[in-house]
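Position one of the sequence shown corresponds to residue 76 (our numbering), numbered consecutively onward. Heads up, the thing below is written out as structure tokens.
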Amino acid sequence: MAVKLRVVEVSVNGSLKYLAKDLGIIQDTVLQGWIFSAVLEFLLMLQQVHWLVHQMFFVRTMVASSLMDNQGRKSLLIISFSGMGASILLLFVSFTWKVLAPYSGTLAVLGTVFYVLSFSLGAGPVPALLLPEIFASRIRVKAISLSLGTHWISNFVTGMYFLSVVDKFRISSVYLGFATMCLVTVLYIASNVVETKGRSLEEIELALSPST
Numbered sequence: 076m077a078v079k080l081r082v083v084e085v086s087v088n089g090s091l092k093y094l095a096k097d098l099g100i101i102q103d104t105v106l107q108g109w110i111f112s113a114v115l116e117f118l119l120m121l122q123q124v125h126w127l128v129h130q131m132f133f134v135r136t137m138v139a140s141s142l143m144d145n146q147g148r149k150s151l152l153i154i155s156f157s158g159m160g161a162s163i164l165l166l167f168v169s170f171t172w173k174v175l176a177p178y179s180g181t182l183a184v185l186g187t188v189f190y191v192l193s194f195s196l197g198a199g200p201v202p203a204l205l206l207p208e209i210f211a212s213r214i215r216v217k218a219i220s221l222s223l224g225t226h227w228i229s230n231f232v233t234g235m236y237f238l239s240v241v242d243k244f245r246i247s248s249v250y251l252g253f254a255t256m257c258l259v260t261v262l263y264i265a266s267n268v269v270e271t272k273g274r275s276l277e278e279i280e281l282a283l284s285p286s287t
């Protein structure tokens, strides 16, 4: 039973880290970098937008730190990935619907800012707090190392092949794929991630036990 419990813990946290990084999410996200290089370079407001996005990282730190204890980790993750999926869908329709072509630049800016904000509310800060809470003390160091290793390997693979995938399938299809991954992540979190807010480490371990 103890072995099964450890497998469940590693599976949940490793998968959570992979799903987050599979979306190309990091402070200078692959998706954000593509938009700035392919779209926003044509806008006179590039510098203002770049400044605004970086200000969002400061705001997210202040907001997320207070929300994690008030709203709960699981709910913030669901809200975060839902918002990210919605913002990527906005980018998708802005480049595929001809009727929106005159507004594609503005929609790209709004989608990018909303994407960064949504990420900052949950997908960015919450996993780092959730990992130490959800792992048992005797495997915590190794399990977190495994999770962080998955985190950076998936981020490296995403960054390496992103442009190749864009060249082959077009950016709109890549956006749709990211949005789909956000939906999959929301469903995974809702089904497998336990809420740790207000719980002791013993209660969290019991909640993760396959027998409960």
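We treat Cβ as the ideally placed atom computed from N, Cα and C, and that holds for glycine.
Ranked by Cα distance from Leu192, the options Phe244, Tyr250 and Phe156 are led by Phe156.
Only buried fits Ile209, as 16 or more other CB atoms lie within 10 angstroms of its CB.
With respect to the 9 Å criterion, Glu280 and Ala218 are not classified as neighbours on the basis of their beta carbons. With respect to the 9 Å criterion, Lys149 and Glu270 are classified as neighbours on the basis of their beta carbons. As the crow flies, the alpha-carbon of Val232 is around 12 Å from that of Gly224. Boundaries of the alpha helix (DSSP H) harbouring Val168: Arg148 to Thr171, taken from the DSSP string.
In the structure shown, Phe244 adopts helical secondary structure according to DSSP, grouped into three states. In the structure shown, Ala218 adopts helical secondary structure according to DSSP, grouped into three states. Straight-line measurement puts the Cα of Pro177 at about 42 Å from the Cα of Leu204. If you look at Tyr190, you'll find it in the alpha helix (DSSP H) that goes Ser179 to Ser193.
Cβ contact annotation for Ser247 (same chain, cutoff 6 Å, sequence separation greater than five): Phe167, Phe170 and Thr171, in chain order. Straight through space, the alpha carbons of Gly199 and Thr187 are spaced by roughly 15 Å. The DSSP-derived three-state label of Ser284 is coil. Counting every other CB atom within 10 Å of its CB across the protein chains shown gives Phe253 a total of 16 or more, marking it as buried.
Here DSSP, grouped into helix, strand and coil, assigns Ser266 to helix. In this structure Thr260 is buried. Its beta-carbon is surrounded by 16 or more other beta-carbon atoms within 10 angstroms. Burial check for Asn230: the Cβ neighbour count within 10 Å reaches 16 or more, so the residue is buried.
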